[in-house]
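Novice:
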Amino acid sequence: MSYTEVPGIRVPIRMWTDPATVEGQAMQQLRNISSLPWLHGLAVMPDVHLGKGATVGSVIAMNGAVCPAAVGVDIGCGMSAVKTSLTTKDLPDDLSRLRSKIEQIIPVGRGMHSDPVDPRKLHGFATAGWDDFWQRFDGVAHDVKWRRERAMQQMGTLGSGNHFIEVCTDSTGAVWLMLHSGSRNIGKELAEHHMEVARSLPHNQGLIDRDLAVFISDTPQMAAYRQDLFWAQEYAKNNRAIMMALFQDIVRREFPKAKVAFESVISCHHNYVSEETYDGVELLVTRKGAIKAGSGDYGIIPGSMGTGSYIVRGLGNEAAFNSASHGAGRKMSRTAAKKRFTAEDLAEQTKGVECRKDSGVVDEIPGAYKPIEKVMAQQKDLVEVVAQLKQVVCVKG
-2 MSYTEVPGIR
8 VPIRMWTDPA
18 TVEGQAMQQL
28 RNISSLPWLH
38 GLAVMPDVHL
48 GKGATVGSVI
58 AMNGAVCPAA
68 VGVDIGCGMS
78 AVKTSLTTKD
88 LPDDLSRLRS
98 KIEQIIPVGR
108 GMHSDPVDPR
118 KLHGFATAGW
128 DDFWQRFDGV
138 AHDVKWRRER
148 AMQQMGTLGS
158 GNHFIEVCTD
168 STGAVWLMLH
178 SGSRNIGKEL
188 AEHHMEVARS
198 LPHNQGLIDR
208 DLAVFISDTP
218 QMAAYRQDLF
228 WAQEYAKNNR
238 AIMMALFQDI
248 VRREFPKAKV
258 AFESVISCHH
268 NYVSEETYDG
278 VELLVTRKGA
288 IKAGSGDYGI
298 IPGSMGTGSY
308 IVRGLGNEAA
318 FNSASHGAGR
328 KMSRTAAKKR
338 FTAEDLAEQT
348 KGVECRKDSG
358 VVDEIPGAYK
368 PIEKVMAQQK
378 DLVEVVAQLK
388 QVVCVKG
């Protein structure tokens, strides 16, 4: 579908979904965003739903300003995926051992490595710039510097919530490895520090929603946030890269006879800020639950732990600021999902997937998410499908 334009306060809201299907609170959030004086444009993806700070599934293009709460606390959260030389014929009938090995090697939930992972010991990991990356930690917000050791130990860990590690197969029978994670606790602490600073600034006192407090270009507060923001985005990318290298090593060891080979890793953020130019104007584009989908850009759009996911290639639709959805999107809150569904429902909806089926992850049940097929159908002018995947193993924190 092409987009539907809904009147906003300062700019129109371009929506790649039926506005009538969007919850009232999410629509109000979008109208609040559209009131920001620095806003150049606002695009809304088909996985849109109520979020903290700003609406999930929104692309917020601003001139000379950025909203830290719109980026959110999981700075740089995103996806990575890689196609392997394995096929479904190589997989055992019982995948519980493989799932167990993944959980043993890659810490999940609040877990962390007892000692920081040395990337130089990982097969094929690009270590260029690694030392410089950690040296730049010395420049982050003073209130967060004491978290260095924790940040180093959490590098290469999954976290919880909707983060996951999966073994998937595509329609040709090829096996893929996929994972979803972000900047862990260090990203959260940096985000919360800067959100508090932004709320205190005089130019934000008259905003409709104080969660939309912004930093303005050419100010010391903006400079400090940009430095920490881009460092945290790099942390998230490195976090996924180390997990993927560990994941690949697990697969090599579990399938020694297959001599597994891997294609190039596809990686994309979906909670982040990027400097881009539209309409001849240099803008700061915040993708809050959205991926970059410029012409030829590869991306990953997951469903839920019992449905399919998609590898896509961007079509470069500038009306959407070259963006697409970051997943299926929730249709009910975690609290509502826990009240409505049981562990038995989860087991039923994840049949055929080697995964947790207990009450601790009921809020991630497929029934709590929008149908991924409908979400994909609504953005045919944003991306083209390269591969459709279905998970056979799903690890969650």
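-2 is the number of the first residue of the sequence shown in my numbering; add one for each residue after it. Positions of the beta carbon are idealized from the N, C-alpha and C atoms, including for glycine. Being a predicted model, the structure only gives us computed values, none of them experimental.
Output yes or no for whether 8 Å exceeds the beta carbon distance between valine 382 and serine 322.
Specialist: Translated into the one-based positions of the sequence shown, residue 382 becomes position 385. Translated into the one-based positions of the sequence shown, residue 322 becomes position 325. The answer is no: Cβ separation not under 8 Å.
Novice: Counting Cβ pairs closer than 8 Å, one from the region 25 to 32 and one from the region 262 to 274, do we hit at least three?
Specialist: They do not touch, by the three-pair rule.
Novice: Taking all protein chains shown into account, decide if tryptophan 143 is buried (16 or more other Cβ within 10 angstroms of its Cβ) or exposed.
Specialist: As a position in the sequence shown, residue 143 is number 146, starting the count at 1. Burial call: exposed.
Novice: Classify glutamate 436 as buried or exposed, calling it buried when 16 or more other Cβ atoms lie within 10 Å of its own Cβ.
Specialist: Residue 436 cannot be examined here, being either before or after the span of the chain that is shown, -2 to 394.
Novice: By Cβ distance below 8 Å, which residues in the same chain neighbour aspartate 135 in space, the five residues on each side in sequence not counted?
Specialist: Taking the first residue of the sequence shown as 1, we reach residue 135 at position 138. Contacts found: Lys142.
Novice: Quick check on glycine 293: buried or exposed, where buried means 16 or more other Cβ atoms within 10 Å of its Cβ?
Specialist: Reading the sequence shown from its first residue, position 296 is the one you call residue 293. Exposed is the call here.
Novice: If you reduce the DSSP assignment to three classes, tell me which class glycine 364 lands in.
Specialist: As a position in the sequence shown, residue 364 is number 367, starting the count at 1. Reduced to three states, the DSSP call for glycine 364 is helix.
Novice: Between the alpha carbons of valine 309 and isoleucine 297, how many angstroms are there, rounded?
Specialist: Mapped onto the sequence shown, residue 309 falls at position 312. Mapped onto the sequence shown, residue 297 falls at position 300. Taking the straight line from one Cα to the other gives about 6 Å.
Novice: In angstroms, rounded to a whole number, what distance separates the CA positions of glutamate 193 and glycine 184?
Specialist: By one-based count along the sequence shown, residue 193 stands at place 196. By one-based count along the sequence shown, residue 184 stands at place 187. When rounded, the distance between both Cα atoms is 14 Å.
Novice: What is the rounded straight-line gap between the Cα of isoleucine 72 and the Cα of proline 65?
Specialist: Along the sequence shown, one-based indexing puts residue 72 at 75. Along the sequence shown, one-based indexing puts residue 65 at 68. Between isoleucine 72 and proline 65, the C-alpha separation is close to 9 Å.
Novice: Nearest-angstrom Cα distance between methionine 45 and valine 68?
Specialist: Start at 1 with the first residue of the sequence shown, and residue 45 comes out as number 48. Start at 1 with the first residue of the sequence shown, and residue 68 comes out as number 71. For the sequence presented, residue 45 should be read as valine rather than methionine. Rounded to whole angstroms, valine 45 to valine 68 spans 15 Å at the Cα level.
Novice: Give me the residue from Arg133, Ile103, Gln385 and Gly303 with the minimum Cα distance to glycine 394.
Specialist: Counting from 1 along the sequence shown, the entry for residue 394 is found at position 397. Glycine 394 has its Cα closest to that of Ile103, out of Arg133, Ile103, Gln385 and Gly303.
Novice: Could you pull the start and end residues of the alpha helix (DSSP H) that lysine 254 belongs to?
Specialist: Along the sequence shown, one-based indexing puts residue 254 at 257. Neither: lysine 254 is in no alpha helix (DSSP H) and is coded neither H nor E.
Novice: Looking only at its own chain, which residues have a Cβ that is under 7 Å from the Cβ of proline 116, when we skip the five neighbours before and after it?
Specialist: On the sequence shown, residue 116 is found 119 positions in, with the first residue counted as 1. Once the five neighbours on either side are set aside, the close Cβ partners of proline 116 are Phe122, Thr124, Trp127 and Ile239.
Novice: Please name the residue, chosen from Ala148, Ser82 and Leu95, that lies closest to serine 111 on a Cα-to-Cα basis.
Specialist: Here residue 111 corresponds to residue number 114 of the sequence shown, with the count starting at 1. With distances taken between Cα atoms, serine 111 lies closest to Ala148.
Novice: Around the C-beta of glutamate 279, are 16 or more other C-beta atoms found within 10 angstroms, so that it is buried, or is it exposed?
Specialist: Taking the sequence shown and counting its residues from 1, the one referred to as residue 279 is at position 282. Flag for glutamate 279 reads exposed.
Novice: Exposed or buried, glycine 170, counting other C-beta atoms within 10 Å across all chains shown (16 or more means buried)?
Specialist: Along the sequence shown, read from residue 1 onward, the residue named residue 170 stands at position 173. Result: exposed.
Novice: Quick check on valine 260: buried or exposed, where buried means 16 or more other Cβ atoms within 10 Å of its Cβ?
Specialist: As a position in the sequence shown, residue 260 is number 263, starting the count at 1. Here the sequence assigns glutamate to residue 260, which means valine is not the residue at that position. So glutamate 260 counts as exposed.
Novice: Hey, would you say valine 282 sits closer than 8 Å to alanine 62, going by beta carbons?
Specialist: Here the question's residue 282 lines up with position 285 in the sequence shown. Here the question's residue 62 lines up with position 65 in the sequence shown. It is not a contact, given that the beta carbons lie outside the stated cut-off.
Novice: Where do the N-terminal and C-terminal ends of the alpha helix (DSSP H) with serine 97 fall, by residue?
Specialist: Here residue 97 is taken as the residue at index 100 of the sequence shown, counted from 1. Residues 93 to 102.
Novice: Could you check whether arginine 181 and arginine 196 sit closer than 8 Å to each other, using their CB atoms as the reference points?
Specialist: For this step, residue 196 is matched to residue 199 along the sequence shown. For this step, residue 181 is matched to residue 184 along the sequence shown. No.
Novice: Leaving out the 5 sequence neighbours to the left and right, which residues in its chain are closer than 8 Å to lysine 354 when beta-carbon positions are compared?
Specialist: By one-based count along the sequence shown, residue 354 stands at place 357. Once the five neighbours on either side are set aside, the close Cβ partners of lysine 354 are Ala340, Leu343, Ala344 and Thr347.
Novice: Based on Cα-Cα distance, which residue from Val390, Phe338, Ala233 and Asp378 lies nearest to tyrosine 0?
Specialist: On the sequence shown, residue 0 is found 3 positions in, with the first residue counted as 1. Tyrosine 0 has its Cα closest to that of Asp378, out of Val390, Phe338, Ala233 and Asp378.
Novice: Would you tell me roughly how many angstroms separate the C-alpha atoms of leucine 92 and alanine 255, rounded to the nearest one?
Specialist: Within the sequence shown, the letter at position 95 stands for residue 92. Within the sequence shown, the letter at position 258 stands for residue 255. Those two C-alpha atoms are separated by around 17 Å.
Novice: Using the C-alpha atoms, what's the distance from glutamine 150 back to valine 390?
Specialist: Walking along the sequence shown from the start, residue 390 turns up at place 393. Walking along the sequence shown from the start, residue 150 turns up at place 153. Between valine 390 and glutamine 150, the C-alpha separation is close to 25 Å.
Novice: What first and last residue would you give for the beta strand (DSSP E) that runs through valine 282?
Specialist: Sequence index remark: in the sequence shown, residue 282 carries index 285 (1-based). Run containing valine 282: 278 to 285, per the beta strand (DSSP E) assignment.
Novice: Alpha carbon to alpha carbon, how far is lysine 414 from glutamine 388?
Specialist: The structure shown does not extend to residue 414, since the chain spans only -2 to 394, so no value can be given for it.
Novice: Mark aspartate 360 as exposed unless 16 or more other C-beta atoms lie within 10 angstroms of its C-beta, in which case mark it buried.
Specialist: Residue numbering aside, residue 360 sits at position 363 when the sequence shown is read from its first letter. Buried, since its Cβ has 16 or more Cβ neighbours within 10 Å.
Novice: Out of Arg11, Ser306, Gly153 and Val350, which one is the CA nearest neighbour of serine 168?
Specialist: One-based indexing of the sequence shown puts residue 168 at position 171. Among Arg11, Ser306, Gly153 and Val350, the Cα nearest to that of serine 168 belongs to Ser306.
Novice: Can you say whether glutamate 146 is buried or exposed, counting buried as having 16 or more other CB atoms within 10 angstroms of its CB?
Specialist: If you number the sequence shown from 1, residue 146 lands on position 149. Its Cβ having fewer than 16 others within 10 Å, glutamate 146 is exposed.
Novice: Under the rule that 16 or more other beta-carbon atoms within 10 Å means buried, what is threonine 14, buried or exposed?
Specialist: As a position in the sequence shown, residue 14 is number 17, starting the count at 1. Counting Cβ neighbours within 10 Å, threonine 14 comes out buried, since at least 16 surround it.
Novice: Helix, strand or coil: which one does DSSP assign to histidine 323?
Specialist: Taking the sequence shown and counting its residues from 1, one reaches residue 323 at position 326. Histidine 323 falls in the coil class under three-state DSSP.
Novice: On the three-state DSSP scale, how would you describe histidine 177?
Specialist: For this step, residue 177 is matched to residue 180 along the sequence shown. Correct three-state label for histidine 177: strand.
Novice: Find out if the Cβ-Cβ distance for the pair lysine 367, glycine 326 is shorter than 8 Å.
Specialist: Numbered from its first residue, the sequence shown carries residue 367 at position 370. Numbered from its first residue, the sequence shown carries residue 326 at position 329. A contact, by the Cβ cut-off of 8 Å.
Novice: If you measure between the beta carbons of arginine 11 and alanine 317, is that distance less than 8 Å?
Specialist: Here residue 11 corresponds to residue number 14 of the sequence shown, with the count starting at 1. Here residue 317 corresponds to residue number 320 of the sequence shown, with the count starting at 1. Going by C-beta atoms, arginine 11 is nearer than 8 Å to alanine 317.
Novice: Using the C-alpha atoms, what's the distance from alanine 220 back to valine 137?
Specialist: By one-based count along the sequence shown, residue 137 stands at place 140. By one-based count along the sequence shown, residue 220 stands at place 223. Taking the straight line joining both Cα atoms gives about 11 Å.
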